[in-house]
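Numbering (the UniProt record's numbering), first residue to last: 1 to 571.
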């Protein structure tokens with residue numbers, strides 16, 4: 001892209017400059033003529049700000065407007081982001097690249113590197129070698145850390161504990177049946193109880209219950225049915241009450257004791273039909289008196305004999321009304337039940353026995369009243385405060401019937417339940433082992449170790465990649481340093497071939513280790529040159545600039561070349 005003109009300038013010595021119609025636009029090749037301090041160098045500094053992509057520090061407030069051949073304009077605001085391709089030779093270039101002219105050390109910086117690296121190849125290499133050293137040290141530390149982690153024996157010791165515990169479990173028939181148990185199986189069980197060990201730990205009572213289940217043998221069905229008639233007691237009570245409450249109406253209001261006495265006494269006098277002597281008081285006992293006694297104690301209706309017969313029949317059958325625990329349980333016993341039902345059966349049997357005892361006590365009350373009635377059939381007797389325990393007995397027998405059904409059905413599940421019992425006991429043992437050995441915490445620590453090792457391996461790989469990349473870059477920078485010799489050859493060629501100066505030459509400098517350090521030195525007749533003339537300095541500087549046009553930033557490009565005072569006017 002070609003510059004056509006500087007449309008406006010307020011920069012350095014220029015104040016409100018306008019490119020008037022009286023000035024022609026730039027061509028392909030342009031030469032500026034002007035006296036000293038007329039502004040030629042100021043224009044070169046504006047141009048060089050685009051090369052360096054930074055504003056000139058002496059004119060930060062300056063502004064300008066440059067017209068390009070495509071019709072666009074560049075201003076001070078475009079310095080950093082502009083793509084204008086330009087190379088500028090002026091006093092600033094000489095100061096920056098050939099400090100020999102200013103500090104008398106005789107050093108000239110190399111220009112073969114790219115951008116800032118063009119000026120600081122050795123410094124860059126030194127910095128990167130320091131970084132490389134740091135990274136190698138970090139890599140070594142990572143390797144040592146990895147080695148330390150790999151030497152940790154916690155996992156080995158824990159695996160030994162797993163093997164030992166699995167062996168103990170495998171030999172206990174209460175824990176498993178029908179398959180081999182090893183460390184792998186133990187780890188599966190540990191995964192089951194993990195994070196909830198306490199839920200799998202059994203107390204002594206629970207353990208004993210599961211062991212009893214394992215001891216159970218298959219039992220015959222009880223086939224128990226509740227046949228108890230809970231209405232029997234009320235039937236007995238009603239029938240007994242009807243008999244006990246019967247009353248015989250007699251002709252003379254005699255007490256029961258007197259009536260009984262007369263009945264017994266009459267037996268001693270009945271065989272005599274005439275007047276006789278009373279065997280009790282020795283008074284005369286006439287036939288009429290005997291007839292009177294017979295008439296007053298005799299039940300003409302036969303009700304007395306009937307009641308006596310009913311009382312006898314009732315009393316004869318009373319033993320059959322009483323309940324027997326064994327009989328009502330149909331001979332089922334504790335041994336008929338599986339271990340997990342035995343305790344329930346015992347409790348229900350005790351409840352049933354207590355209620356049967358109460359039931360029979362109430363029957364005994366009725367029996368005693370019947371015997372009392374037998375002694376005096378004439379006097380009615382009421383049954384009071386009688387309690388019926390039939391409902392309680394019936395309810396308990398129903399529970400026993402249901403328990404028997406469950407017990408009978410359990411036979412079909414015995415094998416499955418015993419497998420479950422073994423699992424409960426085994427997991428209890430595994431859970432206690434987990435708590436005692438603290439294996440889950442150790443596993444977490446081991447997992448953290450493995451994660452750390454994995455992280456370290458990734459870090460090591462990353463460090464190796466960074467080191468490889470850094471070493472590669474350092475080698476490239478060193479190659480660039482070695483290529484500086486070619487650059488000196490170009491400068492010397494310009495000095496001799498184009499400017500006919502055979503005494504001066506540039507030579508690449510090396511450090512104490514024999515490595516190129518990215519700087520040149522000026523020799524005159526093979527020795528370090530001192531007290532160069534202004535003309536020699538200008539000549540070397542210009543040859544340096546011309547040679548730099550072949551550097552990596554310029555080669556194969558077609559930049560604008562801007563040259564300001566290449567040769568001193570004093571020479």
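Note that CB positions come from ideal geometry on N, CA and C, so glycine has one too. All figures in this text were calculated on a predicted structure; none of them were measured in a lab.
To the nearest angstrom, how far is the alpha carbon of residue 64 from that of residue 565? Residue numbering aside, residue 64 sits at position 64 when the chain shown is read from its first letter. Residue numbering aside, residue 565 sits at position 565 when the chain shown is read from its first letter. Rounded to whole angstroms, residue 64 to residue 565 spans 23 Å at the Cα level.
Strand pairing of residue 66, partner residues [DSSP]: Within the chain shown, residue 66 is the residue found at index 66, counting from 1. For residue 66, which the question treats as bridged, DSSP gives the partners 6 and 74.
Reference residue 46; option with closest CA among 425, 61, 33 and 34: Within the chain shown, residue 46 is the residue found at index 46, counting from 1. Nearest of 425, 61, 33 and 34 to residue 46, Cα basis: 61.
Using the Cα positions of residue 86 and residue 31, report the straight-line distance between them to the nearest angstrom. By one-based count along the chain shown, residue 86 stands at place 86. By one-based count along the chain shown, residue 31 stands at place 31. Just so you know, the alpha carbons of residue 86 and residue 31 end up roughly 16 Å apart.
Can you list, in chain order, the stretches of the alpha helix (DSSP H) that have 4 or more residues and sit fully within the region 29-60? The qualifying runs are 40-52.
Pair every Cβ in the region 195-205 with every Cβ in the region 416-432, then say whether three or more of these pairs are closer than 8 Å. Three or more Cβ pairs drawn from the region 195-205 and the region 416-432 lie within less than 8 Å of each other, which places the two stretches in contact.
Within its chain, find whatever has a CB closer than 6 Å to the CB of residue 210; leave out the 5 residues flanking it on each side and keep chain order. The residue you call residue 210 lines up with position 210 of the chain shown. Hits under 6 Å: 421, 424 and 425.
Where the beta strand (DSSP E) through residue 433 begins and ends: Reading the chain shown from its first residue, position 433 is the one you call residue 433. Counting along the chain, residue 433 falls outside any beta strand (DSSP E), though it belongs to the alpha helix (DSSP H) covering 390-437.
Which residues share a DSSP beta bridge with residue 86? Translated into positions along the chain shown, residue 86 becomes position 86. The partner list for residue 86 (beta bridge, DSSP) reads 560.
Over what stretch of residues does the beta strand (DSSP E) that includes residue 15 continue unbroken? Locating residue 15 in the chain shown gives position 15, counting from the first residue. That run of the beta strand (DSSP E) goes 14-18.
According to DSSP, simplified to helix, strand and coil, what is residue 471? Here residue 471 refers to the residue found at position 471 when the chain shown is read from its first residue. Correct three-state label for residue 471: helix.
Tell me where the beta strand (DSSP E) around residue 505 begins and ends. Against the chain shown, residue 505 aligns to sequence position 505. Residues 504-510.
So, residue 212 versus residue 339, is the Cβ gap smaller than 7 Å? The residue given as residue 212 occupies position 212 in the chain shown. The residue given as residue 339 occupies position 339 in the chain shown. For residue 212 and residue 339, yes; Cβs fall inside 7 Å.
Whole-angstrom distance between residue 378 and residue 248, CA atom to CA atom: Along the chain shown, read from residue 1 onward, the residue named residue 248 stands at position 248. Along the chain shown, read from residue 1 onward, the residue named residue 378 stands at position 378. Distance between the alpha carbons of residue 248 and residue 378 is about 5 Å.
May I ask you to report which of helix, strand or coil DSSP gives residue 527? Locating residue 527 in the chain shown gives position 527, counting from the first residue. Taken through DSSP and simplified to helix, strand or coil, residue 527 comes out as strand.
How is residue 143 classed by DSSP in three states: helix, strand or coil? Against the chain shown, residue 143 aligns to sequence position 143. In the displayed model, residue 143 falls within a helix according to three-state DSSP.
Helix, strand or coil: which one does DSSP assign to residue 126? In the chain shown, the residue the question calls residue 126 occupies position 126. Three-state result, residue 126: helix.
Can you tell me which of 306, 402, 435 and 532 puts its alpha carbon nearest to the alpha carbon of residue 195? By one-based count along the chain shown, residue 195 stands at place 195. It is 435.
With DSSP as the reference, identify every bridge partner of residue 277, one or two as the case may be. Counted from its first residue, the chain shown places residue 277 at position 277. In the DSSP output, where bridge partners are listed per residue, residue 277 has 284.
Who are residue 11's beta bridge partners in DSSP? By 1-based counting over the chain shown, the position of residue 11 is 11. 14, per the DSSP bridge assignment.
Quick test of the definition: if touching needs 3 or more C-beta pairs under 8 Å, does the region 319-338 touch the region 394-411? Yes, the region 319-338 touches the region 394-411.
Residue 380 versus residue 369: straight-line alpha-carbon distance, rounded: Numbered from 1 along the chain shown, position 380 holds the residue referred to as residue 380. Numbered from 1 along the chain shown, position 369 holds the residue referred to as residue 369. Spanning the two alpha carbons is a distance of roughly 10 Å.
Check each candidate in 12, 16 and 68 and name the one with the smallest Cα separation from residue 28. Taking the first residue of the chain shown as 1, we reach residue 28 at position 28. Of the residues 12, 16 and 68, the one whose Cα lies closest to the Cα of residue 28 is 68.
Give me the residue from 417, 544, 396 and 445 with the minimum Cα distance to residue 177. Translated into the one-based positions of the chain shown, residue 177 becomes position 177. Selected option, being the one with the closest Cα: 417.
Using a Cβ-Cβ cutoff of less than 8 Å, which residues in the same chain neighbour residue 169 once the five nearest sequence positions on both sides are dropped? Mapped onto the chain shown, residue 169 falls at position 169. Around residue 169: 175, 176, 181, 186, 426, 429 and 430.
With DSSP collapsed to three states, give me the class of residue 192. Here residue 192 corresponds to residue number 192 of the chain shown, with the count starting at 1. In the structure shown, the three-state DSSP call for residue 192 is helix.
Given 8 Å, three or more beta-carbon pairs between the region 256-271 and the region 380-389: The region 256-271, when compared against the region 380-389, does not touch it at the 8 Å Cβ threshold.
Proximity winner among 88, 225, 524 and 13, relative to residue 49 (alpha-carbon distances): The sequence position of residue 49 within the chain shown is 49, counting from 1. Of the candidates 88, 225, 524 and 13, 88 places its Cα closest to the Cα of residue 49.
Between residue 130 and chain D, is there a C-beta pair that is closer than 7 Å? As a matter of chain content, chain D is missing from the structure shown, which is built from one protein chain.
Run the CB neighbour count on residue 375, radius 10 Å, all protein chains shown included, and call it buried at 16 or more, exposed below. Position 375 of the chain shown, counted from the first residue, corresponds to residue 375. Residue 375 counts as exposed, since fewer than 16 other C-beta atoms from the protein chains shown sit within 10 angstroms of its C-beta.
Please state whether DSSP places residue 262 in a helix, a strand or coil. Translated into positions along the chain shown, residue 262 becomes position 262. Of the three classes helix, strand and coil, the one that applies to residue 262 here is helix, per DSSP.
Quick one: give me the first and last residue of the alpha helix (DSSP H) that residue 96 is part of. Within the chain shown, numbered from 1, the residue matching residue 96 stands at position 96. Where residue 96 is concerned, the enclosing alpha helix (DSSP H) stretches over 91-97.
Own chain residues within Cβ distance below 8 Å of residue 471, not counting five before or after: Residue 471 sits at position 471 when you count from the first residue of the chain shown. Counting only Cβ-Cβ distances below 8 Å, and skipping sequence neighbours, we find 132.
Beta-carbon proximity list for residue 307, same chain, < 6 Å, skipping 5 on both sides: Position 307 of the chain shown, counted from the start, is the residue given in the question as residue 307. Taken in chain order, the residues that qualify are 246 and 377.
State yes or no: is the C-beta of residue 321 within less than 7 Å of the C-beta of residue 236? As a working mapping, residue 321 is identified with position 321 in the chain shown. As a working mapping, residue 236 is identified with position 236 in the chain shown. Taking 7 Å as the Cβ cut-off, residue 321 and residue 236 qualify as a contacting pair.
Measuring CB to CB, does residue 149 end up less than 7 Å from residue 453? Position 149 of the chain shown, counted from the start, is the residue given in the question as residue 149. Position 453 of the chain shown, counted from the start, is the residue given in the question as residue 453. Their beta carbons are under 7 Å apart, which means residue 149 touches residue 453 by this criterion.
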